[in-house]
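Protein chains in written order, with our numbering: chain A, 29 to 226; chain B, -6 to 200.
C-beta atoms are modelled at their ideal positions from N, C-alpha and C, and glycine is treated no differently.
Note that the structure is predicted; figures quoted are calculated from it, not measured.
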Amino acid sequence: MSNLRGKVYAMNTISPMKPWKTWLLWGLFLLIRLFPRLNSGLPQLSFIHFARWVIVPRRGFPRLSERQPKNYLRYDYLLFFSNFNGTWNQYIDAFSAVLSKGLNGIWRWSEKFPGSVPVTPFKNFITRGQIDTGYYYTAYPHATTNDVKAAHRVTAALDELAKLSKGMPAAEFGDAYLKFLLKVQGDLGATGEAPVGT
Amino acid sequence: MANRSGSVYGLTILSPIKDDPHADVSHSLAIRLYLQTIPQDQTGPLARVSSTHMARLVVMDDVVYFGMPSCEEHLSAKYLIFESNFDGDLDPYLGRLAREAKKEVHAVWQHCEGYPGVEDEGAFIAYMKKCQVETTFYFADVNDKTVQQTLRALQTQSAVATFIEKNQGKPPEELQKAFAKFLAALHKAPEPLPGSGQAREITDKLL
């Protein structure tokens, strides 16, 4: 089992939904795609690199050969995959505290979903539906999503200074360098090994 | 299309795992055992397929029963889940998987129903597409930078922090000269390897 790699945790969950409810969730996701403002919560949390919800209809599990027995399922299934920074408990706590309305909107269509507040039954629900990861890879294991965003800001500021300062007199360069420092000072946190979490 | 956010593609594959009651070791266990042996760092197979930001392999034994009043039900096969977040388009990515992670892909997917092998790239791509499930909603926090741009940016961030620390209080003339040298050295620095987390090591040697 390797749910963790560096500073990133790979979470996988599955939950059953009655097929008629699936249409409502599809409609909700369509609305969020059409009106991205409805999804302001996830970017605000700023510790999720990538996340996705996948609805697998009851007849949608791939069947690749006649040898493979057919599935006879009554429920559609909602899969959730997340790549986040921090510990499992921090993640679920933050989800419950900050995004409870959004999460309720998504998981309320799943069987036996208790609501995202209070947090204890919500954690029990997630735990029951969680599947451990067998192999996990990330290209930048020592960086959080905030590190990645900060690094791109520093790079953009450095490129700008390099461009502006070509042929600049030394005194002017001193001023431009100070402005650069003011711009990037909040984005210079070091990356490295993750602390041991719980 | 929900599989994409900006320039990043969110691939979800569900490959049915073979069921052989006569096998000494079940196919699902064989996959699990093999996955424990694959390196997760820069020597791993997905580091070679360098457009991969993050990816995972998961063996799903069955669906989950949450208790009454819902009904208990089971899948007829176990599934191998491959979830990947990568730059670019699907076909070239699957082609790279078949070519550049050939050994590992074959070692894992040989336990799955209908797997045609990796020798015929076209057949492998077609097979993976049959196993693909459309992502319903996809979120990528940074969706306009490639893996290489991000690795370079992390290296630059680390180098800039070191440069600032080492050049505190210098007069503008000296600072300007040092800055020009710094830019040249940064430009020549080797590309950080995906999966390694080595941005800091490179810049420490650089400055």
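Can you check DSSP and say which residues form a bridge with residue i?
| i | result |
| --- | --- |
| LEU84/A | The sequence as given places Val at residue 84/A; Leu does not occur at that position. Answer by DSSP bridge pairing, in chain order: TYR105/A. |
| GLN158/A | THR41/A |
| PHE75/B | ILE6/B, LEU50/B |
| ARG33/A | VAL36/A |
| ASN113/A | VAL36/A |
| GLN33/B | According to DSSP, GLN33/B bridges with nothing at all. |
| CYS105/B | ILE10/B |
| VAL1/B | SER(-2)/B, ASP80/B |
| PHE78/A | ASN111/A, ALA133/B |
| SER138/A | MET45/A |
| THR45/B | PHE79/B |
Taking 9 Å as the cut-off, decide whether the C-beta atoms of residue i and residue j are in contact.
| i | j | result |
| --- | --- | --- |
| PRO85/A | THR50/A | yes |
| PRO9/B | PRO90/A | yes |
| VAL42/B | TYR2/B | no |
| VAL126/B | ILE24/B | no |
| ILE134/A | LEU106/A | yes |
| LEU70/A | TRP137/A | no |
| VAL98/B | LEU186/A | no |
| THR45/B | ALA167/A | yes |
| PHE153/A | SER43/A | yes |
| TYR100/A | SER69/B | yes |
| ALA116/B | GLY110/B | yes |
| PHE78/A | ASP134/B | yes |
| ALA178/A | GLY130/A | no |
| SER(-2)/B | PHE132/B | yes |
| THR183/A | THR219/A | no |
| LEU189/A | TYR205/A | yes |
| THR139/B | ASP84/B | no |
| SER21/B | ASP54/B | yes |
| LEU66/A | LEU73/A | no |
| GLY114/A | ALA125/A | no |
| VAL51/B | ILE76/A | no |
| LYS11/B | HIS104/B | yes |
| ASN160/B | ALA178/B | no |
| ARG33/A | PRO169/A | yes |
| LEU168/B | ALA222/A | no |
Could you give the first and the last residue of the continuous alpha helix (DSSP H) run that contains residue i?
| i | result |
| --- | --- |
| ARG145/B | 140 to 159 |
| GLU166/B | 165 to 181 |
| ALA133/B | Unbroken run through ALA133/B is the beta strand (DSSP E), 130 to 133; no alpha helix (DSSP H). |
| TYR27/B | 20 to 28 |
| GLY214/A | Careful: GLY214/A lies outside any alpha helix (DSSP H) and carries neither H nor E. |
| VAL98/B | 95 to 102 |
| LEU39/B | 38 to 41 |
| CYS124/B | 114 to 124 |
May I ask which residues mark the beginning and end of the beta strand (DSSP E) holding residue i?
| i | result |
| --- | --- |
| PRO197/A | Unbroken run through PRO197/A: none, as it is neither H nor E. |
| ASN40/A | 36 to 45 |
| PHE123/A | Segment 116 to 126 is the alpha helix (DSSP H) holding PHE123/A; no beta strand (DSSP E) there. |
| TYR165/A | 163 to 166 |
My assumption, with CB atoms under 8 Å, is that residue i sits in contact with residue j. Please give the rounded CB distance.
| i | j | result |
| --- | --- | --- |
| GLN35/B | LEU186/B | 4 Å |
| TYR164/A | ALA38/A | 5 Å |
| VAL57/B | ARG156/A | 6 Å |
| VAL82/A | THR128/B | 5 Å |
| LEU144/B | GLU184/B | 7 Å |
| PHE130/B | ALA(-5)/B | 6 Å |
| ARG102/A | GLU112/B | Their Cβ separation, rounded to whole angstroms, is 40 Å, which puts ARG102/A and GLU112/B out of contact at 8 Å. |
| LYS123/B | LEU92/A | 6 Å |
| GLU106/B | ARG95/A | 7 Å |
| PRO165/B | PHE201/A | 6 Å |
| ASP104/A | PRO142/A | Contact doesn't hold; Cβ gap of about 20 Å is too wide. |
| query | When Cβ atoms are compared, which residues of the segment 77 to 109 of chain B fall closer than 7 Å to chain A? | reply | ASN78, GLU106, GLY107
| said: Closer than 9 Å between beta carbons: that is the criterion. Which residues of the segment 91 to 109 of chain A meet it against chain B? | reply: ARG91, LEU92, SER93, ARG95, GLN96, PRO97, LYS98, ASN99, TYR100, LEU101, ARG102, TYR103, TYR105, LEU106, LEU107, PHE109
| said: So if I threshold CB-CB distances at 8 Å, which residues from the segment 57 to 91 of chain A count as touching chain B? | reply: PHE57, ILE60, ARG61, ASN67, LEU70, PRO71, SER74, ILE76, HIS77, PHE78, ALA79, ARG80, TRP81, VAL82, ILE83, VAL84, GLY88, PHE89, PRO90, ARG91
| Between the segment 2 to 23 of chain B and chain A, which residues of the former have a C-beta closer than 9 Å to a C-beta of the latter? | GLY3, THR5, ILE6, LEU7, SER8, PRO9, LYS11, ASP12
| field | Near-chain A residues of the segment 127 to 147 of chain B - C-beta to any C-beta below 8 Å | value | GLU127, THR128, THR129, PHE130, TYR131, PHE132, ALA133, ASP134, VAL135, LYS138, VAL140, GLN142, THR143, LEU144, ARG145, ALA146, LEU147
| Contact set between the segment 179 to 190 of chain A and chain B, restricted to residues whose Cβ is under 7 Å from the partner | ALA179, HIS180, VAL182, THR183, LEU186, ALA190
| field | Chain-ordered residues of the segment 155 to 181 of chain A with a beta carbon less than 8 Å from chain B | value | ARG156, GLY157, ILE159, ASP160, THR161, GLY162, TYR163, TYR164, TYR165, THR166, ALA167, TYR168, PRO169, HIS170, ALA171, THR173, ASP175, VAL176, LYS177, ALA178, ALA179, HIS180
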